[in-house]
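What follows is one structure encoded as structure tokens, with my remarks underneath.
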Amino acid sequence: EKPLLPYDQIGAETLSNLVDAFYARVSAHPKLAPIFPDDLTETARKQKQFLTQYLGGPNIYSAEHGHPRLKARHHPFPITPDRAQAWLECMSEAMDEVGLSGQFRETFFNRLVLTAHHMVNDYDSEE
Ligand code: HEM
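780 is the number of the first residue of the sequence shown in my numbering; add one for each residue after it.
Below, the structure written as structure tokens:
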């Protein structure tokens with residue numbers, strides 16, 4: 780039997796709800812809101828595409844935007860360790876909101892912890 784892809788486990792609808800719940804928190808977070816656009820519609824659309832392929836679903840992010848090059852795409856933004864922590868807190872709360880739990884949530888979240896830490900590019904400018 781083929782193992783179920785993480786993307787199939789979560790499903791497109793819950794993934795979409797997760798991203799919406801996440802950016803609602805980002806836009807209200809004092810450490811994150813200042814570096815994000817006011818209108819997060821397009822950001823959320825890209826993040827849904829990205830996480831779809833990150834979880835093994837169709838490569839719809841790359842089809843539209845090319846290779847993710849995530850670290851390079853974050854280069855214009857000062858990502859401090861503090862902001863990585865805040866990003867992960869918003870994601871953890873969003874996971875609570877959409878009801879992710881158990882082994883699936885743990886594995887997914889742990890991958891995001893590694894990716895978030897990899898995005899850190901600014902160790903000086905706190906606020
Ligand atoms: C884009 C911040 C971590 C995936 C962005 C943007 C900001 C940002 C400011 C630009 C938004 C826009 O202009 O639309 C941060 C911060 C992080 C973080 C502070 C803390 C560590 C992550 C992680 C992932 C991720 C862990 C993936 C799991 C993306 C994607 C985009 C993006 C896919 C859109 C790239 C594009 O323009 O095509 N992020 N990010 N980010 N971020 Fe992050």
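Virtual Cβ for every residue (Gly too), placed ideally from N, Cα, C.
Item to check | Helix, strand or coil at T859 [DSSP, three-state] | outcome: For the purposes of this step, residue 859 is taken as the residue at position 80 of the sequence shown. DSSP places T859 in coil when its eight states are reduced to three.
Next on the checklist: If you measure between the beta carbons of D875 and K810, is that distance less than 8 Å?
Outcome noted: Counting from 1 along the sequence shown, the entry for residue 875 is found at position 96. Counting from 1 along the sequence shown, the entry for residue 810 is found at position 31. Cβ distance not < 8 Å, so D875 and K810 don't count as in contact.
Next on the checklist: I'd like to know whether the C-beta atoms of V805 and L784 end up nearer to each other than 8 Å.
Outcome noted: On the sequence shown, residue 805 is found 26 positions in, with the first residue counted as 1. On the sequence shown, residue 784 is found 5 positions in, with the first residue counted as 1. V805 is not a Cβ neighbour of L784, given a cutoff of 8 Å.
Next on the checklist: For L849, count the other beta carbons within 10 Å of its own beta carbon; 16 or more makes it buried, fewer makes it exposed. Which is it?
Outcome noted: Against the sequence shown, residue 849 aligns to sequence position 70. Answer is exposed; the Cβ neighbour count stays below 16.
Item to check | Cβ neighbour criterion (16 or more within 10 Å) applied to Q828 | outcome: Locating residue 828 in the sequence shown gives position 49, counting from the first residue. So Q828 ends up on the buried side.
Item to check | Alpha-carbon spacing of N900 relative to I789, whole angstroms | outcome: Working through the sequence shown from its first residue, we reach residue 900 at position 121. Working through the sequence shown from its first residue, we reach residue 789 at position 10. For N900 and I789, the distance between alpha carbons rounds to 30 Å.
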